[in-house]
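Quick note, our numbering runs 73 ahead of the 1-based positions in the sequence shown. Note that CB positions come from ideal geometry on N, CA and C, so glycine has one too.
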Amino acid sequence: MFVLLSIVLLAMIFVLYSSVRMGYFDVKYYDTYTQQAKVYADWTFWQRILDIRTFFSKAIKFITPAAILLMLQFYKNQQQFLKLREQKKIAELNALKNQLNPHFLFNTLNNLYALAVEKSNSVPEVIERLSDILDYMLYRCNDKFVSIHKEIELLHNYIALEKIRYGDRVKLTFKNEIESDIQIAPLLLLTFVENAFTHGVTQALKDATIDISLTYYGDIFICCVKNSKPANLSTKTDLNQRESVGLKNVKEQLALLYPTNHKLVILDEEKSYTIQLTIKSI
């Protein structure tokens, strides 16, 4: 608003200057004037100032370049705004990932501790897979999007760790129908699988099940993770109270990364809990 008022004020000053200059300082050759110019020459100072034709004919010479400069400044401000908004989004995503990494590490170290107490022969394998997982989480998933195949490899490492811990207590199926090397936000899928183990297997005494499926057709990606629900967590209230920190963070990440083209469905049934993520135009 200040800029617009400044432009109008300067335009009026320019019109005033032009009227004074033409009326009192320009050399006059009355005989060579056109009929319109002769009429204008006979006008008083205030008639010239208040004439709308004078304003537009003179002000346009000033307003045109001023308007161009104003549009350029507006474009520059918009670019700066978009850049700041993108930086804010990246900072928020990094903050969410930084919350997720310690949470995941805490759970995995607890698993390793339990195996060490049991003096399990699987400890070396656990350490190796944990090392691969941490290497990926700390150094290889810092980009906004990563290859889906890297995320699937991460899932296999995590599942292997959990199967060592739980053994025959859990029956797991993993259906992967993705062949294309699509890009996806890192650590989303891991959170769903981790949530299934945490709330579907940890509290179960036996016969826990987890079904994982990944599909991609057209431009639609679908991840579905379904786990059985322990009897002592059969009510929705209990499960909602135990919703993982990671799952809450994922919801925020999805809102930032896929604000209009994702759908997260959580189906809480009596004996099972299902999370299905659909992302369009991936």
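Each residue's CA atom was taken as its position, placing LYS156 and SER354 some 23 Å apart. Taking all protein chains shown into account, ALA140 has fewer than 16 neighbouring C-beta atoms within 10 Å of its C-beta and is therefore exposed. When rounded, the separation of the alpha-carbon atoms in GLU342 and ALA304 is 12 Å. LYS321 and PRO138 have their C-alpha atoms spaced approximately 52 Å apart.
Counted as a single uninterrupted DSSP element, the alpha helix (DSSP H) harbouring ALA269 occupies residues 261-273. In the DSSP assignment, ASN230 falls within the unbroken alpha helix (DSSP H) covering 221-239. Per DSSP, the continuous beta strand (DSSP E) segment holding ILE285 begins and ends at 281-290. Annotation: the continuous alpha helix (DSSP H) that includes SER204 extends over 196-208. Inter-residue distance for LEU329 and CYS214 is about 17 Å (C-alpha atoms, whole angstroms). For PHE218, no beta strand (DSSP E) segment is defined, and its DSSP state is neither H nor E. In chain order, ILE283 place their CB closer than 6 Å to the CB of LEU245, counting only its own chain and leaving out the 5 sequence neighbours on each side. Its chain contains GLU224, LEU228 and CYS296 as the residues whose beta carbon lies nearer than 7 Å to that of LEU262, once the 5 sequence neighbours on both sides are disregarded; these appear in chain order. Nearest Cα to HIS335 within the set VAL274, ARG242, ALA258 and ILE237: ALA258. A residue is called buried once 16 or more other Cβ atoms fall within 10 Å of its Cβ, and LEU260 is buried on that count.
Pairing LEU287 with PHE294, the inter-Cα distance amounts to about 8 Å. The three-state reading of DSSP puts ASN249 in strand, counting E and B together. Going by beta carbons, LEU203 and LEU234 fall inside the 8 Å limit. In the DSSP assignment, THR347 falls within the beta strand (DSSP E) that extends over 345-353. The DSSP-derived three-state label of LYS324 is helix. When the Cα atoms are used, ARG242 and PHE154 turn out to be separated by approximately 53 Å.
C-alpha of LEU143 to C-alpha of ARG158: approximately 22 Å in a straight line. Between GLU198 and ILE232, the gap from beta carbon to beta carbon reaches 8 Å or more.
Burial state of ILE200 is exposed, judged by a 10 Å Cβ sphere holding fewer than 16 other Cβ atoms. Assignment of ILE141 by DSSP, reduced to helix, strand and coil, places it in the helix class.
Looking only at SER220, ASP216, ALA269 and ILE339, the smallest Cα-Cα distance to ILE251 is reached by SER220. The secondary-structure analysis by DSSP pairs VAL298 across a beta bridge with ILE285 and ILE348.
For LYS149, the three-state secondary structure derived from DSSP is helix.
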